[in-house]
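With mature numbering (1 follows the signal peptide of the UniProt record, and there is no 0) as the guide, the letters of the sequence shown map in order to residues -21 to -1, 1 to 684. The structure appears right after this line, and notes come after that.
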Amino acid sequence: MMMRLLLVALLASVALNSAQAEDGYRLWLRYDQVDGRDVRSGYRSALRAVVFQTTAGEDTPVIASARAELTRGLGGLIDRDPTVHIVAGELRPELGADGYALKAVTVDGERAVRITGNSDAGVLYGTFALLRKMQLGESLDELDETSVPKIARRLMNHWDNLNRFVERGYAGFSLWEWAYLPEVISPRYEDYARALASTGINGTVINNVNANALILTPEYLAKVAALADVFRQWGIRLYLTSRFSAPMEIGGLETADPLDPAVQAWWDAKVAEIYTYVPDFGGFLVKANSEGQPGPHDFGRDHADGANMLAAPLAAEGRDGIVMWRAFVYAFEDDTDRVKQAYNQFVPLDGKFLDNVIVQIKNGPLDFMPREAFSPLFGAMPHTRLMAELQITQEYLGGSVQLAYLGPMWEEVLTQDTYAQGEGSTIGRVVDGTLKGHPLSAIAGVANTGTDRNWTGHPLAQSNWYAYGRLAWDHELTAHQIAEEWTALTFDAEEDAANEIVEILMGSRETVVNYSMPLGLHHIMERGHHYGPGPWVMGGRSDWTSPYYHQANEIGVGADRGQFGSKAINQYALELRQQWGNLDTVPDNLLLWFHHVPWDYEMKSGRPLWDELALRYQQGVDEVHAMQARWDDLQGKIDDERWDATRQRMALQEKDAREWRDACLLYFQQFSQRPLPEGVEPAEYDLQHYIDVNRRYYPGHPGEY
Ligand code: BDP
């Protein structure tokens, strides 16, 4: 007995200490009593009961999760475990499948909150919303509100390999312990699922788009099923990437031709088999005929043939699986401007995809650059369901070293007008399906998670995971609003310090743009690992070199995508063609994306292009210095652990920013032959020094693992 008591006391103190350590593990779900925020007064402290209302009124596993979260949250916030009543209510059509309503009510004369959803998932999301409000110190006195997600399928995409290497992952290894599944279930699986559910994410693709067919074998499907069982309790459906040549690799067929009946039969049986393991399987994500992945073109067929073959069994027998067919396709054999190729391949197929196929489009037509013009496909396939793919992991924005809060970038993308149906045809409305009335809508974010204790490496990179989830639920939230929320949930900071963190976050992405690829420059990073400058990268396939994109010569710099260049601009609506095609009206931040501009061209600032470019690089470095100073001032105003981890990363970021500036300016100066303008610091070394920098074994680089 004594021993047991001792053990309990010991465990309790370990738990307490680890809670105080602020290692970031708890993400935005900390539920601490916050002195500065008045969570224990008024209605909140009087909260005695919570009513879960669904149409079925049943106690399901998802309801059990909601209840567990409530217990955890309210236990932490107001030191109370309220009574939960589960009741049945009328269908509320306005709440849809996943929406919720929160309302202050009385139960037996005592204060309560009713959380209504048509489904148990709605109640789960409502529970997280209630806890969020309480964490933020919001009043519940007059609580009466509803929230409905705008997009139906809100997904994570994990570029995780079966050997646990995460392609473009900077936060450790893959969370999925394949060797030990299905017997060993890491507690992290559930914490991961909770984190997703807390922002309303309801699906996850757990393996890499550069796919391994093994995942579809019975051995792995048993492991997949074990993960799905955990996720399901948090309203999350599991999806897989499928390798197009799987019928040949694991099925013993001689072809994977989508029009071959034996191939179709193989996939029909495979899909049926998957559903025996994962009864609520969400569907497939496919990267085909891109960067060496097999696909329908290998058999003389097109993307629609390939997608439809997989989609048919996913919709058969009452299933509601989908195919997310990626539009990230380009081929070096094709000498058209790379940014035009996806449009050229997909637009002719508009209307040919089955209803449960959705084309997954990266926000930009090139890749995930710090800034790109948007992908013109969003405005060009009215008869096809389209979804956006955003990259949470910072492949081109400094891995998990540099700070880049991506909320502003995604806001820029989602509010961008395509003019597809006249003014107001924003990408947000294309993706949520309202522009064309498509019932199937989806969005994907490429994960930045891994086995690092704090999940994302950089402590502040958690904000990107959070922001993605919140925008997936409601793309009309602003980046600023989300930054405020995340900061308040994540740090115990007084108002001034919290505002300071929000401001630092808000400017951080533009800072990265300024010191790496300003004025619309793109794809000038080092080859392979994509970290650090590489405007000189040459050799191998041309569309993986830098000059292909910056086109620097003694006359000027920038990609000419106008009427006398690659004509990529013609893939956009007339309004944008006019605005972006004209040097007088194109915004500075897309200038070199669309135009090859003379070094002495007079910019809107009145300065010649060369001076402007150099000053932008300098501005980026200056902004990092300013950010460091602001962060230093936060010492003691947030916990030391996360403050110091961030401070150290910023020191490395400062070095990186200078390297970007110096390397790029020395490189471009060979062409411009102009001196640095006043205010720009000269480089420390000569160009060759920067070219010789060799980052070996940089994380996330598939070639070096
Ligand atoms: C590129 C990445 C590569 C991915 C590819 C993709 O460098 O690792 O496989 O995108 O999205 O940005 O398929």
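We treat Cβ as the ideally placed atom computed from N, Cα and C, and that holds for glycine. These numbers were taken from a predicted model, which means no experiment stands behind them.
* To do: Using only the heavy atoms of ligand 1, determine whether one of them is closer than 6 Å to the beta carbon of E146.
  => At least one heavy atom of ligand 1 is found less than 6 Å from the C-beta of E146.
* To do: Closer than 6 Å by C-beta to L(-16): which residues in its own chain qualify, once you throw out the five before and the five after it? Chain order, please.
  => In this prediction, L(-16) scores a pLDDT of 48, lower than 50, which makes its location untrustworthy; no coordinate-derived value is stated.
* What is the DSSP secondary structure of M582, reduced to helix, strand or coil? -> Reduced to three states, the DSSP call for M582 is coil.
* **Continuous beta strand (DSSP E) assignments of at least 3 residues falling wholly in the stretch 170 to 249** => Within the stretch 170 to 249, the runs of beta strand (DSSP E) at least 3 residues long that lie entirely inside it are, in chain order, 182 to 184, 216 to 220.
* Please classify M(-19): is it buried, with 16 or more other beta-carbons within 10 angstroms of its beta-carbon, or exposed? => Residue placement at M(-19) is poorly supported in this model, since its pLDDT is 49, which falls under 50; the coordinates still yield a value, given next. M(-19) sits exposed, since fewer than 16 C-beta atoms from the chains shown fall within 10 Å of its C-beta.
* Assuming R147 contacts T372 (C-beta within less than 8 Å), just tell me the rounded distance between them. => With 8 Å as the limit, R147 and T372 qualify as a contact, their Cβ atoms being about 5 Å apart.
* Asked: Looking only at C-alpha atoms, which of P258, H501, A283, E198 sits nearest to P237?
  -> Among P258, H501, A283, E198, the Cα nearest to that of P237 is on A283.
* **Three-state secondary structure (DSSP) of W389** => DSSP places W389 in helix when its eight states are reduced to three.
* For the stretch 608 to 619 and the stretch 561 to 581, state whether three or more C-beta atom pairs, one from each stretch, are separated by less than 8 Å. => Short answer: they don't touch.
* Please report how far the alpha carbon of K665 lies from the alpha carbon of A440, in whole angstroms. => According to the sequence as given, residue 665 is Asp; it is not Lys. Each residue's alpha carbon lies about 33 Å from the other.
* Could you tell me which residues DSSP puts in a beta bridge with Q339? => Under DSSP, Q339 takes part in a beta bridge, and its partners are R305, M366.
* Under a three-way DSSP split, which group does F263 fall into? -> Strand, per DSSP.
* Asked: If N427 sits next to W444, beta carbons under 8 Å apart, how far is it from one beta carbon to the other, in whole angstroms?
  -> N427 to W444, Cβ: 6 Å. Contact.
* Asked: Apart from the five residues just before and just after A100, which ones in its own chain have a Cβ nearer than 8 Å to its Cβ?
  -> Counting only Cβ-Cβ distances below 8 Å, and skipping sequence neighbours, we find V41, A76, D77, N181, G214.
* Asked: CA-CA distance, W155 and T394?
  -> Cα to Cα, the separation comes out at about 35 Å.
* Curious, which full-length alpha helix (DSSP H) runs of at least 4 residues does the stretch 531 to 589 contain? -> Listed in chain order, the complete alpha helix (DSSP H) runs (minimum 4 residues) inside the stretch 531 to 589 are 553 to 560, 570 to 573.
* Asked: By Cβ distance, which residues of its chain are closer than 7 Å to V600, with the 5 residues on each side in sequence left out?
  -> For V600, where only same-chain residues beyond five positions count, the Cβ hits under 7 Å are Y494, A636, R637, R640.
* To do: Starting from the Cα of T33, find the closest Cα among T106, K415, E455 and give me that residue.
  => It is T106 whose Cα lies nearest to the Cα of T33.
* Could you check which residue in L81, V425, S118, I480 has the C-alpha nearest to that of W465? => Closest by C-alpha distance to W465, out of L81, V425, S118, I480, is I480.
* **Same chain, Cβ closer than 8 Å to I534, five either side skipped, listed in chain order** => Around I534: H575, P577, W578.
* **Beta-carbon proximity of F223 to P273, cut-off 7 Å** => Result yes, Cβ atoms of F223 and P273 sit closer than 7 Å.
* Can you tell me whether A(-10) is buried or exposed, with buried defined as 16 or more other CB within 10 angstroms of its CB? -> Caution applies to A(-10), whose pLDDT of 44 falls short of 50 and renders its modelled position unreliable; the value that the coordinates give is listed next. A(-10) comes out exposed.
* When the Cα of residue 690 is compared with those of A359, Y384, F152, Q381, which residue comes out closest? -> Missing from the structure shown is residue 690; the chain here goes from -21 to 684 and no further.
* Asked: With a CB to CB cut of under 6 Å and the five nearest residues on each side skipped, what residues in its chain are close to L333?
  -> Contacts found: N287, A290.
* Identify, in the order they occur along the chain, each residue of the same chain with its Cβ nearer than 7 Å to the Cβ of D2, setting aside the five sequence neighbours on each side. => Once the five neighbours on either side are set aside, the close Cβ partners of D2 are R432, N433, E620.
* To do: Give a yes or no on whether the C-beta atoms belonging to W304 and V250 are separated by under 7 Å.
  => Their beta carbons are not under 7 Å apart, which means W304 does not touch V250 by this criterion.
* Asked: Nearest to L200 by CA position, among F210, L160, G230, R298, is which residue?
  -> The option with the nearest alpha carbon to L200 is L160.
* Asked: Where K202 and W157 are concerned, what is the direct C-alpha to C-alpha distance, given to the nearest angstrom?
  -> One C-alpha to the other measures close to 7 Å.
* Asked: Which stretch, first to last residue, makes up the beta strand (DSSP E) that contains A91?
  -> A91 -> beta strand (DSSP E) spans 89 to 95.
* Asked: To which residues of the same chain is S153 closer than 8 Å at the C-beta, ignoring the five residues directly before and after it?
  -> Correct list, in chain order: H137, D139, N140, R143, F144, V145, G429, T430.
* Please say whether L345 and Y322 have beta carbons closer to each other than 7 Å? => Taking 7 Å as the cut-off, the Cβ atoms of Y322 and L345 do not count as close.
* ligand 1 heavy atom lying under 6 Å from the CB of D346 -> Taking 6 Å as the cut-off, the C-beta of D346 counts as close to a heavy atom of ligand 1.
* Asked: Assuming L644 and Y596 make a contact with CB atoms under 8 Å, what is their CB distance in whole Å?
  -> The C-beta separation of L644 from Y596 comes to about 6 Å, placing the pair in contact by the 8 Å criterion.
* Asked: Would you call the stretch 620 to 633 and the stretch 496 to 516 touching, i.e. three or more CB-CB distances under 8 Å?
  -> Taking a cut-off of 8 Å on C-beta distances, the stretch 620 to 633 does not touch the stretch 496 to 516, as fewer than three cross pairs fall below it.
* To do: For A225, I'd like the list of residues in its chain whose CB is within less than 6 Å of its CB, leaving aside the five on either flank, ordered along the chain.
  => Taken in chain order, the residues that qualify are A192, L195.
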